[in-house]
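**Q**
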Amino acid sequence: MKRNTLLLSLGPLLRKKEWFVYYLLVVMTLIFSALLHDSGFFSSANFINIMRQTAPVMVMALGLSFALSVRHIDVSIGAVVALSAVVCGLLLREVHMIFAILGALSVGLFAGVINGLLIEYLKTSSLLVTLGTMSIMIGIARSISGLESIPITNEHFIMLFGSELFMGIPTSLYWVAILALVAWLIVHCLTLGRHLLAVGKSPENALQLTISPVKVRMLALVMCSLFAAFAGLLYAARMQSARYALGEFDLLNVFIAVAIGSTQLVGNQMRVIGVICGALLIGLLNNGLILLGFTINTQLIVKGLVLVMVITLVHKELNNAK
Amino acid sequence: MLSDILAQHAISVTGLSKSLNGGKVLDDVSFSANEGEVIAVLGHNGAGKSTLVKCLTGMLTMDSGYIVRQSQTMQILSPLDARKLGIEAVHQNFGLIDELDVVSNFFLGRELHHDNLILKILGWLDKRLMRFLTGRALERLGCEFRDLDRLVKHLSAGERQLIAVARAIHFGAQVVVMDEPSSALGMSQVAQLQEVIRTISAQGVTVLLVSHDMPFVSEVCDRAIVLSKGRLVANIDIASISEGELYSYMMGRCHIKEPDNSLNALLQAS
Amino acid sequence: MLHVLRGLFYTGFCIVLVVMLVVFNRVNAQVSMPVINTEKSRLAEGTQTAALAWHSSSPWTDAVTRGALDTFERFDIDVIAITDAQYDPVKQLADLESINALRPSFVLSLSVDSVSTASGYRQLLEAGTKLVLLSNPILSIQEHKHFAGLISVNTQAMGRSAAQLIDRAVVHTGNVGVIFHEADYYVTNQRDKAFLDALKTYQDITVVAKKGFVQEQDTSAVTMAMLLKQPNIDAIYVSWEKAAEGVIEALRMMGRDNVKVVSHDLGVSTLLDMAQGGNMYAVVSDRPYDVGTAMAMRAINSQRGITNPLLKPIEYDLVTKDNLEAVWPLAFRSNLPRALQCVLSHKEVCE
């Protein structure tokens, strides 16, 4: 009798699929803490490491969820990161830091606008278009950087966006918090949030209500690229250099982060905290596995397993369009 | 003169034609409506009723034809144009977003913002005001919504239809077009709806009703226009015909004499 | 209710898979000694630890690792982590930071990018870790007091030897195609440059085509493009053996049996081709096991205050089909892989 009621009361909580990522995060932290109880896993220094390493991925994941919420898949985010970092690195050598930052962010702006124009006015698949723009941007990044790493020595810049501690926390994390707050506000308090959801769920109904799906989707793509450009700034400051290959390996991580943090990948309401936790989960996994002494192969396999598990248990991808 | 005659009518539709997928769905449809008139749009399935609604609300663009209102001739090219003309609609699919709550759906596309200039530019929602107004609008239709924050997908079809109707009525300043508004409603709700329609028509709002619900139509409508295969075939006064005849019109079985308050007749008369 | 059970089932299934993975990983590690966990109970006071942060995984890095592990074991030093950055500077920085959390006494590493990874190494040095770098120098940290040293393979000599091998391959006269590493990577850049400079001294050998690649997988396509444009090539030089695999694949597909390939380092696929008398003609090989030993010794010596010890320079060999069997054990301190043994013993059927 007692056991039944316990399970029954747990039921509704467990059934809340959006909370799966939080459970997983807690479980994983506990498992790793137990296995690694004396290797420094559970130290604040290590946690700060993890946060530092995942900061750019969190920002990219937030941006990507804007695009995904209106049913656009943007795979060019990795290239935007690289190009924005390279542009920033080159500009920091010539002009004041402010202009370098603006230059880097405008890369994101341009990329988003071009993606948006191509996708909306050609009315084609976002996946294909962004594959194309990704290739173009990587080519540009490679040419203008001459395939070399561009060293960044501007101390103010590194302090502003990098891993330097300000009141015990790396500055990059403050930025992540700010951007997460912005995303959260958009979703909950601004008109844009509702319009994003409306356009993502039912463009025809949105059209009836004088919302322009084209404009909203373009805005979503611009935000996606802008966030990716910001992640480029974070990378540049952390690595103290800019390289065309930045962000190359993050595409998988970012998509997994968003997938874990939501109940449906495409066309779903943005879940800011879920996405942040998803990214954190991946960072935790990478870190914990290294400390446990596993090779990279294991990391890849475990990441894949987690993704599959999440998809089976939580996701409800709609097969037929509404 | 002609302009005076046209000015009497709250809204006139002239020569409306629309082709879809190569076939003509609406063919030179013309009618006019006075302020406060409740007009039923009848016809068999596929006669073009829903297309007419979509053209009037800007979802589809007319191939030819125009709208005359207050001596101004215009075309409706987008939902925004329709909204500016004061035309609101209840569509067959209700036009709601399932993942949003009642209040958000009510104000979708015309959200209210706080007074502050900066907040207005950002688009900061005034949720309290919107909730208050939504509650009030729904009360007018006599429905009690316990929790306006519930997502629309958790509501029954009748509740959803009521929201759509309440929304159109609340925002419909001049013309309210309803496509099967009673399809999911229970009897008491239907009665409530009739009451509200009467109220707003008394306030001067023109109501266009597409419906198969005969008692509903005969109860609340003044006139009926009948479409058949895209053409307007009758424009009749409901009070002057019997229920049987009304039924036949609904089924699309009857064609009678040309409408006598069409533009041509008016021109001939003057 | 069913939801809950289903969830538990799937989670359990995945846990079982992960456990299997752990066992599998331990048993099948390419390195002869599996990676070890730290357990405080085993670490007596003053036991020292070491970590290896590599740029990628290959038989070459495994041999270096083995050299280092054997040396550390002689001194009772535990190796607690071995990471593989897959040529990604971001990953290497993350690896270094994670290693730093383990507070090792020694770190041996090959840097993927001198600029981006510098901060990671600096953190380790500030924490008092003795650092030994391999091949790719990082000038900004080499002045630090805890920096133990840079072990370099003799890129100049290896480059020159490769030129020598090309000379042998084309019998003093011929056309050469060069497939070089087109990225900012000290060791390959130096080797490739040394090769090109040395080749100039052979007057009857001409470089007729030069194409760059960034990722190892690209070389197949690059080779095909090169040969289509310049069919008159007698030999090809490739920056290292893994990249050479793609070159050989392309040559086989185009049916060009007569083109000889020269490269650096020993790898099983390329050596199999060499043993069977295929396109692979020769490689220059250093002694990765000795490299590992040298790195570990440099780290240990530096802690004891012995600087600039008289270490033997790392030797290198010119390897062809004839001396392959002898050189492998010298370079790797392990037995020749079975596949190679089989082919070299001219058996009819090889398992």
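Protein chains in written order, with my numbering: chain B, 1 to 322; chain S, 323 to 592; chain V, 593 to 943. Quick reminder that beta carbons are idealized off the backbone N, C-alpha and C, glycines included.
When you compare each of Asn287/B, Ala236/B, Ser125/B, Ser225/B to Gly336/B by their alpha carbons, which one comes out closest?
**A** It is not possible to answer for residue 336/B, since the shown part of chain B is limited to 1 through 322.
**Q** Can you find a CB in chain V that lies within less than 8 Å of the CB of Phe249/B?
**A** As a position in the first sequence, residue 249/B is number 249, starting the count at 1. Chain V contact via Cβ: present.
**Q** Residues of the stretch 410 to 426 of chain S in Cβ contact with chain B at a cutoff of 8 Å, in chain order, please.
**A** Listed by position, the residues of the stretch 410 to 426 of chain S near chain B (Cβ gap below 8 Å) are Ala411, His413, Asn415, Gly417, Leu418, Ile419, Asp420, Glu421, Leu422, Ser426.
**Q** State the DSSP-derived secondary structure class of Asn692/V, mapped to helix, strand or coil.
**A** In the third sequence, counting from the first residue as 1, residue 692/V sits at position 100. The answer is helix: DSSP assigns Asn692/V an H, G or I state.
**Q** Which whole runs of the beta strand (DSSP E) in the stretch 337 to 415 of chain S are 3 residues long or more, in chain order?
**A** Whole beta strand (DSSP E) segments, 3+ residues: 345 to 355, 360 to 365, 386 to 391, 394 to 396, 409 to 412.
**Q** Nearest chain B C-beta to Lys683/V closer than 8 Å, yes or no?
**A** The residue labelled residue 683/V in the question sits at position 91 within the third sequence. Interface residue, yes.
**Q** Quick check: the Cα distance between Arg458/S and Ala67/B, rounded to an integer number of angstroms?
**A** What you label residue 458/S is simply residue 136 of the second sequence in a count that begins at 1. What you label residue 67/B is simply residue 67 of the first sequence in a count that begins at 1. Going by the C-alpha atoms only, they are around 36 Å apart.
**Q** Kindly indicate which residue of Tyr244/B, His96/B, Leu252/B has the alpha-carbon position closest to the one of Glu155/B.
**A** By one-based count along the first sequence, residue 155/B stands at place 155. Minimum Cα distance to Glu155/B is reached at His96/B.
**Q** Straight-line CA distance for Ser706/V to Met239/B?
**A** For this step, residue 706/V is matched to residue 114 along the third sequence. For this step, residue 239/B is matched to residue 239 along the first sequence. Each residue's Cα considered, the two are about 10 Å apart.
**Q** Measuring alpha carbon to alpha carbon, tell me which residue in Ile114/B, Ile296/B, Ile211/B, Gly89/B is nearest His195/B.
**A** Residue numbering aside, residue 195/B sits at position 195 when the first sequence is read from its first letter. Closest by alpha carbon: Ile211/B.
**Q** With DSSP collapsed to three states, give me the class of His436/S.
**A** For the purposes of this step, residue 436/S is taken as the residue at position 114 of the second sequence. Residue state, collapsed to three classes: coil.
**Q** What residues from chain B crowd round Met452/S, counting only those whose CB sits closer than 8 Å?
**A** Along the second sequence, one-based indexing puts residue 452/S at 130. Correct list: empty, because the minimum Cβ distance to chain B is about 11 Å.
**Q** Closer than 7 Å, Cβ to Cβ, to anything on chain B: give me those residues from the stretch 435 to 452 of chain S, in chain order.
**A** So the list reads Leu444, Gly445, Trp446, Leu447, given in the order they occur along the chain.
**Q** Relative to the ligand MG, is the shortest distance from any of its heavy atoms to the C-beta of Asp784/V smaller than 7 Å?
**A** Within the structure as shown, the ligand MG is missing, as the structure has no ligands at all.
**Q** Does DSSP classify His492/S as helix, strand or coil?
**A** As a position in the second sequence, residue 492/S is number 170, starting the count at 1. Here His492/S sits in helix by DSSP.
**Q** Name the DSSP bridge partner or partners of Trp646/V?
**A** Numbered from its first residue, the third sequence carries residue 646/V at position 54. Per DSSP, Asp676/V.
**Q** Could you tell me whether any Cβ in chain S is nearer than 8 Å to the Cβ of Asn287/B?
**A** Along the first sequence, one-based indexing puts residue 287/B at 287. No, Asn287/B lies away from the interface with chain S (no Cβ there is under 8 Å from its Cβ).
**Q** Among residues of its own chain, excluding the 5 on either side of Gln933/V, which ones have a beta-carbon nearer than 6 Å to its beta-carbon?
**A** For the purposes of this step, residue 933/V is taken as residue 341 along the third sequence, with counting starting at 1. Cβ within range, chain order: n/a, list empty.
**Q** Looking at Ile409/S and Thr379/S, is the spacing between their C-beta atoms short of 8 Å?
**A** Position 57 of the second sequence, counting from 1, holds the residue named residue 379/S. Position 87 of the second sequence, counting from 1, holds the residue named residue 409/S. Yes, these two residues count as a Cβ contact at 8 Å.
**Q** Can you list, in chain order, the stretches of the alpha helix (DSSP H) that have 4 or more residues and sit fully within the stretch 222 to 305 of chain B?
**A** The qualifying runs are 250 to 260, 272 to 291.
**Q** Using the Cβ count rule (16 or more neighbours within 10 Å means buried), how would you classify Ala524/S?
**A** As a working note, residue 524/S is residue 202 in the second sequence. When all chains shown are included, Ala524/S counts as exposed.
**Q** Jot down the residue ranges of each uninterrupted alpha helix (DSSP H) in the stretch 21 to 102 of chain B, minimum 4 residues, whole runs only, in chain order.
**A** Entirely contained in the stretch 21 to 102 of chain B, the alpha helix (DSSP H) runs reaching 4 residues are, in chain order, 44 to 69, 77 to 94.
**Q** Among the candidates His736/V, Ala749/V, Val768/V, Pro729/V, whose CA atom is the shortest distance from the CA of Ile743/V?
**A** What you label residue 743/V is simply residue 151 of the third sequence in a count that begins at 1. Taking only the C-alpha atoms, the option nearest Ile743/V is Pro729/V.
**Q** Grab me the residues of Glu689/V's own chain with a C-beta within less than 8 Å of its C-beta, minus the 5 sequence neighbours each way, in chain order.
**A** Counting from one through the third sequence, the residue named residue 689/V turns up at place 97. Around Glu689/V: Gly712, Gln715.
**Q** Sort out for me which residues DSSP pairs Asp909/V with in a bridge.
**A** Counting from 1 along the third sequence, the entry for residue 909/V is found at position 317. Its beta-bridge partners are Ser877/V.
**Q** Should Glu148/B be flagged as near chain V, meaning a C-beta pair shorter than 8 Å?
**A** As a first step, residue 148/B is located in the first sequence; it is residue number 148 there, counting from the start. True, the Cβ-Cβ gap to chain V drops below 8 Å.
**Q** In whole angstroms, give me the CA-to-CA distance for Val363/S and Lys376/S.
**A** Against the second sequence, residue 363/S aligns to sequence position 41. Against the second sequence, residue 376/S aligns to sequence position 54. Computed Cα separation, rounded: 13 Å.
**Q** Quick check on Ile152/B: does DSSP put it in helix, strand or coil?
**A** Locating residue 152/B in the first sequence gives position 152, counting from the first residue. Three-state result, Ile152/B: coil.
**Q** Please classify Gln392/S as buried or exposed, where buried requires at least 16 neighbouring CB atoms within 10 angstroms.
**A** Residue mapping note: residue 392/S aligns to position 70 of the second sequence, counting from 1. Its Cβ having fewer than 16 others within 10 Å, Gln392/S is exposed.
**Q** Here's a check: name, in chain order, each residue in its chain whose Cβ is nearer than 6 Å to the Cβ of Ser861/V, leaving out the five neighbours to either side.
**A** On the third sequence, residue 861/V is found 269 positions in, with the first residue counted as 1. So the qualifying residues of the chain are Glu837.
**Q** Quick one: residues in its chain with C-beta nearer than 6 Å to the C-beta of Asp878/V, no 5 flanking neighbours on either side, listed in chain order?
**A** Indexing the third sequence from 1 puts residue 878/V at position 286. Result list for Asp878/V: Val745, Ile906, Tyr908, in chain order.
**Q** Give every residue of the same chain whose Cβ lies closer than 6 Å to the Cβ of Ser926/V, excluding the five residues on either side of it in the sequence, and list them in chain order.
**A** For the purposes of this step, residue 926/V is identified with residue 334 of the third sequence, where counting begins at 1. Around Ser926/V: no qualifying Cβ.
**Q** Check the Cβ-Cβ distances between Thr263/B and every residue of chain V, and say whether any is below 8 Å.
**A** On the first sequence, position 263 is the one that residue 263/B refers to. It does not: the Cβ of Thr263/B has no partner Cβ on chain V nearer than 8 Å.
**Q** Thinking C-beta only, is Met452/S closer than 8 Å to Phe429/S?
**A** The count along the second sequence starts at 1 and reaches residue 429/S at position 107. The count along the second sequence starts at 1 and reaches residue 452/S at position 130. In contact: Phe429/S and Met452/S (Cβ atoms closer than 8 Å).
**Q** From the DSSP output, in three-state form, read off Ser701/V for me.
**A** Walking along the third sequence from the start, residue 701/V turns up at place 109. Ser701/V: strand per DSSP, three-state reduction.
**Q** Using 8 Å as the cut-off, can you tell me whether the stretch 848 to 857 of chain V makes contact with the stretch 870 to 886 of chain V, which would need three or more C-beta pairs spanning the two stretches below that distance?
**A** Taking 8 Å as the limit for Cβ pairs, the verdict is that the stretch 870 to 886 of chain V does touch the stretch 848 to 857 of chain V.
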